[in-house]
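*Asks:*
Protein chains: 2
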Amino acid sequence: MKNGETPGLPAYPAERSRFNFGASPQDIVITGPLPPLPAILDEWTALQTPPSRVLIVCDEHTQPLARSITNPEESPFCVLEPGETRKDWSAVEQILRSAHNAGLDRDSLFIACGGGVVSDLAGFAASVYMRGVQLCVISTSLLGMVDAAVGGKTGCDLFGIKNLAGSFYPARLVYLPVDSLATLPPAEWKSGMAELIKTAILIHDDEDLFRLLQTGPDLSGQALRTALAQAVAYKGRIVEEDPRETKGRRILLNLGHSFGHALESSSGLGQISHGQAVAWGIARACELGESLGITPPQRARRILSLLKTYGYETAAPHPRMGNPARFMEALSRDKKNRRGKAVFIIPAATGAETLTDPPGEKTLQKICGILSYND
Amino acid sequence: MKNGETPGLPAYPAERSRFNFGASPQDIVITGPLPPLPAILDEWTALQTPPSRVLIVCDEHTQPLARSITNPEESPFCVLEPGETRKDWSAVEQILRSAHNAGLDRDSLFIACGGGVVSDLAGFAASVYMRGVQLCVISTSLLGMVDAAVGGKTGCDLFGIKNLAGSFYPARLVYLPVDSLATLPPAEWKSGMAELIKTAILIHDDEDLFRLLQTGPDLSGQALRTALAQAVAYKGRIVEEDPRETKGRRILLNLGHSFGHALESSSGLGQISHGQAVAWGIARACELGESLGITPPQRARRILSLLKTYGYETAAPHPRMGNPARFMEALSRDKKNRRGKAVFIIPAATGAETLTDPPGEKTLQKICGILSYND
Numbered sequence: 038m039k040n041g042e043t044p045g046l047p048a049y050p051a052e053r054s055r056f057n058f059g060a061s062p063q064d065i066v067i068t069g070p071l072p073p074l075p076a077i078l079d080e081w082t083a084l085q086t087p088p089s090r091v092l093i094v095c096d097e098h099t100q101p102l103a104r105s106i107t108n109p110e111e112s113p114f115c116v117l118e119p120g121e122t123r124k125d126w127s128a129v130e131q132i133l134r135s136a137h138n139a140g141l142d143r144d145s146l147f148i149a150c151g152g153g154v155v156s157d158l159a160g161f162a163a164s165v166y167m168r169g170v171q172l173c174v175i176s177t178s179l180l181g182m183v184d185a186a187v188g189g190k191t192g193c194d195l196f197g198i199k200n201l202a203g204s205f206y207p208a209r210l211v212y213l214p215v216d217s218l219a220t221l222p223p224a225e226w227k228s229g230m231a232e233l234i235k236t237a238i239l240i241h242d243d244e245d246l247f248r249l250l251q252t253g254p255d256l257s258g259q260a261l262r263t264a265l266a267q268a269v270a271y272k273g274r275i276v277e278e279d280p281r282e283t284k285g286r287r288i289l290l291n292l293g294h295s296f297g298h299a300l301e302s303s304s305g306l307g308q309i310s311h312g313q314a315v316a317w318g319i320a321r322a323c324e325l326g327e328s329l330g331i332t333p334p335q336r337a338r339r340i341l342s343l344l345k346t347y348g349y350e351t352a353a354p355h356p357r358m359g360n361p362a363r364f365m366e367a368l369s370r371d372k373k374n375r376r377g378k379a380v381f382i383i384p385a386a387t388g389a390e391t392l393t394d395p396p397g398e399k400t401l402q403k404i405c406g407i408l409s410y411n412d
Numbered sequence: 038m039k040n041g042e043t044p045g046l047p048a049y050p051a052e053r054s055r056f057n058f059g060a061s062p063q064d065i066v067i068t069g070p071l072p073p074l075p076a077i078l079d080e081w082t083a084l085q086t087p088p089s090r091v092l093i094v095c096d097e098h099t100q101p102l103a104r105s106i107t108n109p110e111e112s113p114f115c116v117l118e119p120g121e122t123r124k125d126w127s128a129v130e131q132i133l134r135s136a137h138n139a140g141l142d143r144d145s146l147f148i149a150c151g152g153g154v155v156s157d158l159a160g161f162a163a164s165v166y167m168r169g170v171q172l173c174v175i176s177t178s179l180l181g182m183v184d185a186a187v188g189g190k191t192g193c194d195l196f197g198i199k200n201l202a203g204s205f206y207p208a209r210l211v212y213l214p215v216d217s218l219a220t221l222p223p224a225e226w227k228s229g230m231a232e233l234i235k236t237a238i239l240i241h242d243d244e245d246l247f248r249l250l251q252t253g254p255d256l257s258g259q260a261l262r263t264a265l266a267q268a269v270a271y272k273g274r275i276v277e278e279d280p281r282e283t284k285g286r287r288i289l290l291n292l293g294h295s296f297g298h299a300l301e302s303s304s305g306l307g308q309i310s311h312g313q314a315v316a317w318g319i320a321r322a323c324e325l326g327e328s329l330g331i332t333p334p335q336r337a338r339r340i341l342s343l344l345k346t347y348g349y350e351t352a353a354p355h356p357r358m359g360n361p362a363r364f365m366e367a368l369s370r371d372k373k374n375r376r377g378k379a380v381f382i383i384p385a386a387t388g389a390e391t392l393t394d395p396p397g398e399k400t401l402q403k404i405c406g407i408l409s410y411n412d
């Protein structure tokens, strides 16, 4: 649905979609600029009971954007330190303390304004504060828009493990204000693009999104909005089919993530961006898939070529892998493991599939450049 | 349903009930002794997919009971420090660390073995570990059996506020092994009895449970099991009607709790048992209800008399209230408050009702013995 412009009112042309994740509906609004808080609350009130109070959760980078919609005199702010290395329980506790100090009750609303780290932390805090308050997410990074904002996974890192603690808690309303991407640092842009490429691979190479991405890295304007809309539609549908990752569908979104998480972990959390790790992980999944006869060679080449177009490291071992033993240990303990076995998603002739019979340690070491193929 | 005895097998005559809390079923088994772990896992597997691994969560007091069903060589144990004062995030983190160190994945099962503090903490940890693992609760205290074990509220204290962080996460299977109450310290017994009395008031004075409790404090054997079964049936039904406390039904279970929580908070967490605080809170609710013409005087007398039979402090101010200003502050910030207003549950002509128009500060100060009625 596209909103028309109304004379005398600011124009917020928006694309809106609604998903149902189990019993939890989620409305996602792709917009240009972000509406001011009163307009957001009007939108909210059309969906849910009006909140008693609002807490704005942002980080030092997104605070200016948050201040463009309201100010701390109107609504209490919780300003987090930015970055993946701050994504721990102490940040969750900081949000809970801000809510408590501001006297928020269980009819309150947390509005997360930031990238995936902010929305994961604020979402987790919202899911546990007084056993759950309302949640709205304003996603300000490409990675957040394509991945974290859609579908309701929340979490914080613990004991050096990404998202070891967390919940399934979909925000009722999610804004993707594309204009905020104009000021996104290149490294952040690159991090998000890997998730967009992942989605394109899952949808399939013949489809619009993959072709759109093949036109090159300078995605902007309507092309960017189209890409976002397609990625959101795909992820939303997958999560609708399998909200809690128990039915073998949502796990597909994990393409590149088993290898990627292990790389993030062995290199030290925050050393390599999530997207760079996922891109490298996708390259590994292609190599594994090709070696097993699952990924057609020409498809693997097409995917690697796209990754290289966007400047991702695709060779193994990754130059910042760190200790190979630590990498293998992290790979064997990935959170997605089921019953002690690592789960690998592999590009297939169409889309991708789950490897039912995980490869042996030596094969994985070869795929990841830890052992030579001659060993 | 009563299980018959099978010759050659140990007898675990059990009363079983099943509730549906939203999409979450919960089976509750009232039994004498606790079955050994293999029998528990058989029971589990009849309800759910078998777990990949099991973590036993107990405290130093319930460790012997936990060791009577299995041992740390068979299943990893997490042994918490006992008591309400240890019910904080660091205890939740201790459980998460034990699970992580033991290599538990998301198909694992946490078995909580202890009173309400242990089951609240283990339940909270289970709800967030890898975004949620399976949960079985063995409730070993009267308070736990009557209150915490049924209905799926979990939580930990934060910033001195009881259960400020938590979740709704019903255990799929709950055991109430009545034999474990035989060794319950008198203070623990007294703490649980207040919740049983609260339930009897909510069901109503003419009914079996209230009459049973009027026979005096030496409840044991079949009378105790009958009382437990009635309390469980009542709470289960209320939670079925209103699993997330949004429909004005579950809030009734809060009778005595607004005053009680404030007393627990102002006296210092852990200084007064939850049950003693709730009993005193029920007396306050009667006094408030009588002053407003909601609680019939003869009903208030009957309730106060029952509370005194069990040795509870019913007079205001409570001798261990501490700073009256802190008490009033805690009362005004109770977690159950909705839109800035405290919620009071008041015994009515039948059962209890929510006070729609909260009383003023001075009235509350008089009810709580902070101001004299002549002021």
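So the protein lines, in turn, are chains U and P.
Take 38 as the starting number for the first sequence in this note's numbering and just add one per residue.
Take 38 as the starting number for the second sequence in this note's numbering and just add one per residue.
Each residue gets a CB set at the ideal place from its N, CA and C atoms; glycine is no exception.
Evaluate contact between the region 228-246 of chain U and the region 200-220 of chain P, counting only Cβ atoms and requiring at least three cross-stretch pairs below 8 Å.
*Replies:* no
*Asks:* Please decide whether Ser-204 (chain P) counts as near chain U, where near means a Cβ-Cβ distance under 7 Å.
*Replies:* Along the second sequence, one-based indexing puts residue 204 (chain P) at 167. Judged by the 7 Å Cβ criterion, Ser-204 (chain P) is in contact with chain U.
*Asks:* From the DSSP output, which residues share a beta bridge with Pro-62 (chain P)?
*Replies:* Here residue 62 (chain P) refers to the residue found at position 25 of the second sequence. For Pro-62 (chain P), which the question treats as bridged, DSSP gives the partners P:Asn-57.
*Asks:* Tell me whether Glu-225 (chain U) is buried or exposed, calling it buried when 16 or more other Cβ atoms sit within 10 Å of its Cβ.
*Replies:* Translated into the one-based positions of the first sequence, residue 225 (chain U) becomes position 188. Label assigned to Glu-225 (chain U): buried.
*Asks:* Beta-carbon separation of Gly-229 (chain U) and Leu-158 (chain U) under 7 Å?
*Replies:* On the first sequence, residue 229 (chain U) is found 192 positions in, with the first residue counted as 1. On the first sequence, residue 158 (chain U) is found 121 positions in, with the first residue counted as 1. Between Gly-229 (chain U) and Leu-158 (chain U), the C-beta spacing is not below 7 Å.
*Asks:* Would you kindly check if the distance between the Cβ of Val-116 (chain U) and the Cβ of Gly-188 (chain U) is under 7 Å?
*Replies:* Position 151 of the first sequence holds residue 188 (chain U). Position 79 of the first sequence holds residue 116 (chain U). Their beta carbons are not under 7 Å apart, which means Gly-188 (chain U) does not touch Val-116 (chain U) by this criterion.
*Asks:* On the CB-based measure, 16 or more other CB atoms within 10 Å of its CB, does Glu-111 (chain U) come out buried or exposed?
*Replies:* Numbered from its first residue, the first sequence carries residue 111 (chain U) at position 74. Result: exposed.
*Asks:* Starting from Val-170 (chain P), trace the beta strand (DSSP E) both ways and give me its first and last residue.
*Replies:* Position 133 of the second sequence, counted from the first residue, corresponds to residue 170 (chain P). Secondary structure note for Val-170 (chain P): it is in no beta strand (DSSP E), with a DSSP letter that is neither H nor E.
*Asks:* Applying a beta-carbon distance threshold of less than 7 Å, which residues of chain P neighbour Ile-275 (chain U)?
*Replies:* In the first sequence, the residue the question calls residue 275 (chain U) occupies position 238. Correct list: empty, because the minimum Cβ distance to chain P is about 16 Å.
*Asks:* Is the CB-CB distance between Val-215 (chain U) and Arg-262 (chain U) below 7 Å?
*Replies:* As a first step, residue 215 (chain U) is located in the first sequence; it is residue number 178 there, counting from the start. As a first step, residue 262 (chain U) is located in the first sequence; it is residue number 225 there, counting from the start. Their beta carbons are under 7 Å apart, which means Val-215 (chain U) touches Arg-262 (chain U) by this criterion.
*Asks:* Can you find the residues in the same chain that come closer than 8 Å, C-beta to C-beta, to Val-380 (chain P), ignoring five residues on each side of it along the sequence?
*Replies:* Counted from its first residue, the second sequence places residue 380 (chain P) at position 343. Excluding sequence neighbours, Val-380 (chain P) sits near Ile-288, Asn-291, Ser-295, Asp-371, Lys-373, Asn-374, Thr-391, Leu-392 and Pro-395.
*Asks:* Quick one: using the 10 Å Cβ neighbour count with 16 as the cut-off for buried, is Glu-232 (chain P) buried or exposed?
*Replies:* Here residue 232 (chain P) refers to the residue found at position 195 of the second sequence. The residue in question, Glu-232 (chain P), is buried, as its Cβ has 16 or more Cβ neighbours within 10 Å.
*Asks:* Considering only DSSP beta bridges, list what Cys-150 (chain U) is partnered with.
*Replies:* Taking the first sequence and counting its residues from 1, one reaches residue 150 (chain U) at position 113. DSSP, once it has assigned bridges, lists U:Ile-175 as partnering Cys-150 (chain U).
*Asks:* With a cut-off of 7 Å, does the C-beta of Ser-156 (chain P) fall near any C-beta of chain U?
*Replies:* The residue labelled residue 156 (chain P) in the question sits at position 119 within the second sequence. Not one chain U Cβ lies under 7 Å of Ser-156 (chain P).
*Asks:* Taking the alpha helix (DSSP H) that Glu-130 (chain U) belongs to, which residues open and close that run?
*Replies:* Your numbering for residue 130 (chain U) matches position 93 in the first sequence. That run of the alpha helix (DSSP H) goes 126-138.
*Asks:* Would you say Lys-403 (chain U) faces chain P, with C-beta separation under 7 Å as the test?
*Replies:* Residue 403 (chain U) sits at position 366 when you count from the first residue of the first sequence. Taking a beta-carbon distance threshold of 7 Å, Lys-403 (chain U) does not count as an interface residue toward chain P.
*Asks:* So within the region 256-299 of chain U, which uninterrupted alpha helix (DSSP H) runs reach at least 4 residues, ignoring any that extend past its ends?
*Replies:* 258-278
*Asks:* Evaluate contact between the region 131-145 of chain P and the region 154-171 of chain P, counting only Cβ atoms and requiring at least three cross-stretch pairs below 8 Å.
*Replies:* yes
*Asks:* With DSSP as the reference, please indicate the residues paired to Tyr-212 (chain U) in a beta bridge.
*Replies:* Within the first sequence, the letter at position 175 stands for residue 212 (chain U). U:Val-66 and U:Ile-175.
*Asks:* What first and last residue would you give for the alpha helix (DSSP H) that runs through Ile-309 (chain U)?
*Replies:* As a working mapping, residue 309 (chain U) is identified with position 272 in the first sequence. The continuous stretches of alpha helix (DSSP H) do not include Ile-309 (chain U), and DSSP gives it neither H nor E.
*Asks:* With a threshold of 8 Å, are at least 3 pairs of Cβ atoms found where one atom belongs to the region 87-97 of chain P and the other to the region 147-156 of chain P?
*Replies:* yes
*Asks:* Any contact of the region 301-312 of chain U with the region 355-372 of chain U, i.e. 3+ C-beta pairs under 8 Å?
*Replies:* yes
*Asks:* Hey, quick one: how far does the beta strand (DSSP E) through Asp-194 (chain U) stretch, first residue to last?
*Replies:* Residue mapping note: residue 194 (chain U) aligns to position 157 of the first sequence, counting from 1. 190-195 is the extent of the beta strand (DSSP E) around Asp-194 (chain U).
*Asks:* Could you pull the DSSP bridge partners for Thr-82 (chain P) from this structure?
*Replies:* Counted from its first residue, the second sequence places residue 82 (chain P) at position 45. Answer by DSSP bridge pairing: none, since Thr-82 (chain P) is not bridged.
*Asks:* What are the residues in the region 282-300 of chain U lying within 7 Å of chain P by C-beta distance?
*Replies:* Residues passing the 7 Å Cβ filter: none.
*Asks:* Under the assumption that Ser-145 (chain P) contacts Arg-55 (chain P) (Cβ atoms under 8 Å), give the Cβ distance between them as a whole number of angstroms.
*Replies:* Reading the second sequence from its first residue, position 108 is the one you call residue 145 (chain P). Reading the second sequence from its first residue, position 18 is the one you call residue 55 (chain P). Not really, about 23 Å apart at Cβ, beyond 8 Å.
*Asks:* Against chain U, does His-98 (chain P) count as a neighbour if the rule is that its beta carbon must be under 7 Å from one of theirs?
*Replies:* Taking the first residue of the second sequence as position 1, residue 98 (chain P) is located at position 61. So no, His-98 (chain P) is outside the interface.
*Asks:* Could you list which residues in chain P have their beta carbon closer than 8 Å to that of Ser-302 (chain U), in chain order?
*Replies:* Residue mapping note: residue 302 (chain U) aligns to position 265 of the first sequence, counting from 1. Result: empty, since nearest Cβ-Cβ is about 13 Å, beyond 8 Å.
*Asks:* Does the Cβ of Pro-109 (chain P) have 16 or more other Cβ atoms within 10 Å, making it buried, or fewer, making it exposed?
*Replies:* Numbered from 1 along the second sequence, position 72 holds the residue referred to as residue 109 (chain P). Under a 10 Å Cβ-count criterion, Pro-109 (chain P) is classified as exposed, with fewer than 16 other Cβ atoms of the shown protein chains found around its own Cβ.
*Asks:* Could you check whether the Cβ of His-311 (chain U) sits closer than 7 Å to any Cβ belonging to chain P?
*Replies:* Taking the first residue of the first sequence as 1, we reach residue 311 (chain U) at position 274. False, the Cβ-Cβ gap to chain P never drops below 7 Å.
*Asks:* So which of P:Leu-329, P:Leu-344, P:Ala-163 and P:Thr-387 has the shortest CA-CA distance to Lys-227 (chain P)?
*Replies:* As a first step, residue 227 (chain P) is located in the second sequence; it is residue number 190 there, counting from the start. Nearest option by C-alpha distance: P:Leu-344.
*Asks:* Taking only beta-carbon positions, decide if Gln-259 (chain P) is within less than 7 Å of chain U.
*Replies:* Position 222 of the second sequence, counting from 1, holds the residue named residue 259 (chain P). Output row for Gln-259 (chain P): interface = no.
*Asks:* Using a Cβ-Cβ cutoff of 9 Å, what residues of the region 163-183 of chain P are near chain U? List them in chain order.
*Replies:* Ser-164, Val-165, Tyr-166, Met-167, Arg-168 and Gly-169
*Asks:* Kindly indicate which three-state DSSP category Lys-373 (chain P) falls into: helix, strand or coil?
*Replies:* Walking along the second sequence from the start, residue 373 (chain P) turns up at place 336. In this structure, Lys-373 (chain P) counts as coil in the three-state DSSP scheme.
*Asks:* Using a Cβ-Cβ cut-off of 6 Å (strictly less than) and excluding sequence neighbours within five positions of Thr-43 (chain U), which residues of its own chain qualify?
*Replies:* Reading the first sequence from its first residue, position 6 is the one you call residue 43 (chain U). Unreliable placement is indicated for Thr-43 (chain U), whose pLDDT of 37 sits below 50; the coordinate value is still reported in the next sentence. Answer for Thr-43 (chain U): no residue qualifies.
*Asks:* To the nearest angstrom, how far is the alpha carbon of Asp-194 (chain P) from that of Ala-83 (chain P)?
*Replies:* Within the second sequence, residue 194 (chain P) is the residue found at index 157, counting from 1. Within the second sequence, residue 83 (chain P) is the residue found at index 46, counting from 1. Each residue's alpha carbon lies about 34 Å from the other.
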